[in-house]
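Heads up: the structure comes next, in C-alpha cells.
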Amino acid sequence: MLSVACRRSPAAEGGPERPPRQEAGSIPSVERLISTWQALEPRRRLVLVLGATALVAVLVWLARIAATPSLALLYAGLEPQAAAEVVAALEARGVPFELRGQAIYVPAAERDRLRLDLAAQNLPAPGPAGYELLDSLSGFGTTAEMFDATYWRAKEGELARTLLATPGVKAARVHIANPLRRPFQRGITPSASVILTGTAGPIDPARAEAARYLVASAVAGLSPEQVTVIDSLAGIVLRAGEGGPTAAPSPVASDRAEALRGRLERLLAARVGPGRAVVEVSVETVMESETITERVIDPDSRVAIATDSAEKSESAEGTNAPGLTVASNLPDAANTGADTPSKRQSSETRERTNFEVSEVRRERVKMPGDIRRISVAVLVDGIETTAPDGSVQRVPRPAEELAQLEALVKSAVGFDEARGDVVTVTSLAFTQPPELGTAAAPGLTDRLGLDPMTLIQLGVLAAVALALGFFVLRPLLAPPRQEIVTEGGEDAPEAGLLTPPETLESSLEAARSVVAPETADTLPRMALLREVISDRPEEATAVLRAWLEGDVPEEEAA
6 MLSVACRRSP
16 AAEGGPERPP
26 RQEAGSIPSV
36 ERLISTWQAL
46 EPRRRLVLVL
56 GATALVAVLV
66 WLARIAATPS
76 LALLYAGLEP
86 QAAAEVVAAL
96 EARGVPFELR
106 GQAIYVPAAE
116 RDRLRLDLAA
126 QNLPAPGPAG
136 YELLDSLSGF
146 GTTAEMFDAT
156 YWRAKEGELA
166 RTLLATPGVK
176 AARVHIANPL
186 RRPFQRGITP
196 SASVILTGTA
206 GPIDPARAEA
216 ARYLVASAVA
226 GLSPEQVTVI
236 DSLAGIVLRA
246 GEGGPTAAPS
256 PVASDRAEAL
266 RGRLERLLAA
276 RVGPGRAVVE
286 VSVETVMESE
296 TITERVIDPD
306 SRVAIATDSA
316 EKSESAEGTN
326 APGLTVASNL
336 PDAANTGADT
346 PSKRQSSETR
356 ERTNFEVSEV
366 RRERVKMPGD
376 IRRISVAVLV
386 DGIETTAPDG
396 SVQRVPRPAE
406 ELAQLEALVK
416 SAVGFDEARG
426 DVVTVTSLAF
436 TQPPELGTAA
446 APGLTDRLGL
456 DPMTLIQLGV
466 LAAVALALGF
476 FVLRPLLAPP
486 RQEIVTEGGE
496 DAPEAGLLTP
506 PETLESSLEA
516 ARSVVAPETA
526 DTLPRMALLR
536 EVISDRPEEA
546 TAVLRAWLEG
556 DVPEEEAA
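Numbering of the sequence shown is given in this note's numbering, commencing with residue 6 and proceeding in unit increments.
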C-alpha cells in the first residue's frame, strides 16, 4: 500500500535552524518570471513562444481591423484630371482615402462634410471650361481673333456642361464650326457636331434630337439640320441634313395603362376595400401617322354676290351704191348700176351674275399615339357569408353589384363601343396570403448610431484574447504540480529527508478530525495539527494541495 511522504524538517533532527521563509510577494516579478521560464520544459517553452506570437499577431490584426474606419463612396466615374484634383485636395487636408478603380472612398463620418468643402472649392470640376475663360482676357493684349476663338471655346464648354446635366449622359463634347464672314460672301452658315456617351448604353434618338435642338438654339444662325449627333459607342445617331420628328412623341402606351389602372384601383377600393380588387388595363395605340384633307361643296347653297348687265342697240338708213366690178370699168357700163335704198337695225343685251357656293375644307392629322382600343379586366374579392352550420364562407358578389362596378369602370376609362373597347368585371374569392410576420423594428444599435460590424469585430477581438489567455498562457504560466512521492518509488528522495510514517499518520488523523465539531477529544489533535503545520509548512502545503487536486485518495491518505 502506498503512503504519502513529506520531507522532514531539519529542526526535527536537531540541525541548524532554517532561515525564515520569504513571503511570495517579496520575490521580484522579473525574477519570478525568469525562474518560471527556467523551470519549464523545452516543449512547453516552444508552445509558450508560439502561443504568445499567435496571440500578438491576432491582437494586432484585430486591432487594425477595429481601428480602420468604415469607408463610404465620395465620388465615382470622374475624369482623370478631376480625380487627380480631388485626391490632391484630400491629401492636403490629411484625410485618409482609398482608390478602388474610378471610385474614391473616404471615412463615412466625414463624407458629407468633405463633399461640401470640395464643392466650395469648385471640385470636382463640372466638365470643360466655360465662360470663366473670358475672365482671363485683358482688353489690351487681346486681338479680335483671340477673343472670337476664346468665345467659341467657352460656348462649347457651356453647352457640354448643359448636356452633362441631362440624365443618361456621362460625357459630352461639342464642336462648333463658325466660318469668318468675309465681304462679298453669302450663304455661309455655321455647323456643329456633338459627341455623347451614355451611362447605361447607347444614346436613343429622342435624346439625340434634344441635344441637336439645344445646340442649334444656342448658336445664332445654326439650324438643327446642320448639327450632327454622334454616340461614342454606337456611332452616328443623327446626320447633318437629316430632319428629326416634327412633333413630340405621344405618351407610351404602358404609361397610359398604368395611369388608368391607378385610377380604377382607387375607385374600386372605395367600395370593396383596399387590396380587394385587382385591375389590369391594356391600351393599344396607333403607331402610324395619317393626314386627311377634305373639301365639301354644296351647289344648292349658292348665293349671288355680283350682277353685271350690258344692253346695246344700233340702227342705220341710206342707199346702197353698187359695188365696183369689172363692168364698171367699161365705157358703156358707166351708168349700168343704180343706187338702192337700205335700212339696218341691231340690238344686243348681255348680263353676268357671280355666285358663291358653300365650301368646307377639313384637314386632319393623326399622329402616332392615338388610342386604338382599351381592354380592362377587373377581379373583385368575394364577400363573407355565414352558412347555416355557422361556418364562414366567401361567395361571389351579387350580379347587380358587379353591373354597377362595370358601369363605373366604363365611365372611368372612357369606354367607346365603336372603338372596340372591352371591360370585364368578375368576382371570385381571393386566396388569403400566409402571415409573413411583422416588420423588423429598429434595434439598439440603430437607435444609438453604432456600427454592428465594428461591435462584432471588437467582440471577436475580446473573445480571442480571453481564449488565448485562459487556455494557452494560463496553463503554461501555472507552477508545476508538486508530485506525490511514494515509498520505494524511483523518484523517492533520500531517506533522511522522509518523515516517519507514524508522524505522518498522526498528522493525517488530526487533519481528518478537523472537519468534526470541536470537542474535548479533538482539541489535542488540533493542537498537534497546528504544531505540525508550523514546523513543516511546505510539507503541509503539499499535502493540502494533493487533497485539493484529488491525487491522494482518502483511503490511501489514511
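Note that the Cβ used here is the ideal one computed from N, Cα and C, for glycine as well.
Helix, strand or coil at residue i according to DSSP, with G and I counted as helix
| i | result |
| --- | --- |
| Gly464 | helix |
| Phe152 | helix |
| Asp122 | helix |
| Arg268 | helix |
| Ala311 | strand |
| Glu316 | strand |
| Gly240 | strand |
| Thr546 | helix |
| Pro457 | helix |
| Arg358 | It should be pointed out that residue 358 corresponds to Thr in this sequence rather than to Arg. Three-state result, Thr358: strand. |
| Asp260 | helix |
| Arg186 | coil |
| Asp303 | strand |
| Ile193 | coil |
| Gln437 | coil |
| Ala68 | helix |
| Thr171 | coil |
| Leu76 | strand |
| Glu46 | coil |
| Val234 | strand |
| Arg349 | strand |
| Thr147 | coil |
| Ala282 | strand |
| Arg541 | coil |
| Ser228 | coil |
| Val100 | coil |
Limits of the alpha helix (DSSP H) - the one that residue i falls within
| i | result |
| --- | --- |
| Leu83 | Here Leu83 belongs to no alpha helix (DSSP H), and DSSP marks it neither H nor E. |
| Gly220 | Going by the sequence as given, residue 220 is Val instead of Gly. First-last of the alpha helix (DSSP H) with Val220: 210–223. |
7 Å Cβ shell around residue i - same chain, five flanking residues per side excluded
| i | result |
| --- | --- |
| Ser287 | Ala262, Ser380 |
| Leu549 | none |
| Thr546 | none |
| Gly226 | Thr194, Pro195 |
| Leu413 | Leu272 |
Endpoints, beta strand (DSSP E) assigned at residue i
| i | result |
| --- | --- |
| Ser416 | Run containing Ser416: none in the beta strand (DSSP E); it sits in the alpha helix (DSSP H), 404–418. |
| Tyr136 | No beta strand (DSSP E) holds Tyr136; DSSP gives it neither H nor E. |
| Val430 | 427–433 |
| Ser196 | 196–203 |
| Ile181 | 174–182 |
| Leu104 | 103–105 |
| Gln398 | 397–400 |
| Val112 | In the sequence on display, residue 112 carries Pro and not Val. Counting along the chain, the beta strand (DSSP E) containing Pro112 begins and ends at 108–112. |
| Ser380 | 376–386 |
| Ala423 | Looking at the DSSP string, Ala423 is not in any beta strand (DSSP E), and its letter there is neither H nor E. |
| Val291 | Careful: Val291 lies outside any beta strand (DSSP E) and carries neither H nor E. |
Cβ-based neighbour list, residue i, same chain, cut-off 6 Å, excluding 5 preceding and 5 following
| i | result |
| --- | --- |
| Leu67 | Leu466 |
| Arg355 | Ala315 |
| Glu285 | Ala382 |
| Ser352 | Ser318 |
| Glu322 | Lys348 |
| Thr202 | Lys175, Ala176, Ser237 |
Own chain partners of residue i with C-beta closer than 8 Å, once the 5 adjacent residues on each side are dropped
| i | result |
| --- | --- |
| Ser228 | Thr194, Ala221 |
| Thr358 | Ala309, Ala311, Thr312, Asp313 |
| Leu265 | Val286, Val288, Ile379, Val381, Ala417, Val418 |
| Glu115 | Val100 |
| Pro47 | none |
| Leu243 | Pro210, Ala213, Glu214, Arg217, Val232, Thr233, Val234, Gly249 |
| Met458 | Ser75 |
| Pro133 | Glu161, Gly162, Ala165, Arg166, Arg178 |
Heavy atom of the ligand ADP within 7 Å of residue i beta-carbon
| i | result |
| --- | --- |
| Pro85 | Questions concerning the ligand ADP fall outside what the structure shown contains, since it holds no ligand whatsoever. |
Tell me, please, whether the stretch 129–147 touches the stretch 110–121 by the rule of three or more beta-carbon pairs shorter than 8 Å.
-> Contact fails: fewer than three Cβ-Cβ distances are below 8 Å.
Could you tell me whether the stretch 297–310 touches the stretch 361–377, using the rule of 3 or more Cβ pairs below 8 Å?
-> Yes, since at least three Cβ pairs between the stretch 297–310 and the stretch 361–377 fall closer than 8 Å, the two stretches touch.
Counting Cβ pairs, one atom from each stretch, are 3 or more of them under 8 Å apart for the stretch 409–418 and the stretch 300–314?
-> The stretch 409–418 vs the stretch 300–314: no contact.
Pairing CB atoms from the stretch 88–98 with CB atoms from the stretch 47–67, are three or more of them under 8 Å?
-> The stretch 88–98 vs the stretch 47–67: no contact.
Inter-stretch contact at 8 Å, needing at least 3 Cβ pairs: the stretch 259–275 / the stretch 227–247 = Too few Cβ pairs lie closer than 8 Å, so no.
Sufficient close CB pairs (3 or more, under 8 Å) joining the stretch 398–412 to the stretch 430–437 = Enough Cβ pairs lie closer than 8 Å, so yes.
Report yes or no: do the stretch 75–84 and the stretch 98–113 share at least 3 C-beta pairs separated by less than 8 Å?
-> Yes, they touch.
Mind the definition here: the stretch 160–178 touches the stretch 215–230 only if three or more C-beta pairs lie below 8 Å; say whether that holds.
-> Touching, per the Cβ criterion.
Mind the definition here: the stretch 48–56 touches the stretch 82–90 only if three or more C-beta pairs lie below 8 Å; say whether that holds.
-> Judged by Cβ distances under 8 Å, the stretch 48–56 makes no contact with the stretch 82–90, as fewer than three pairs qualify.
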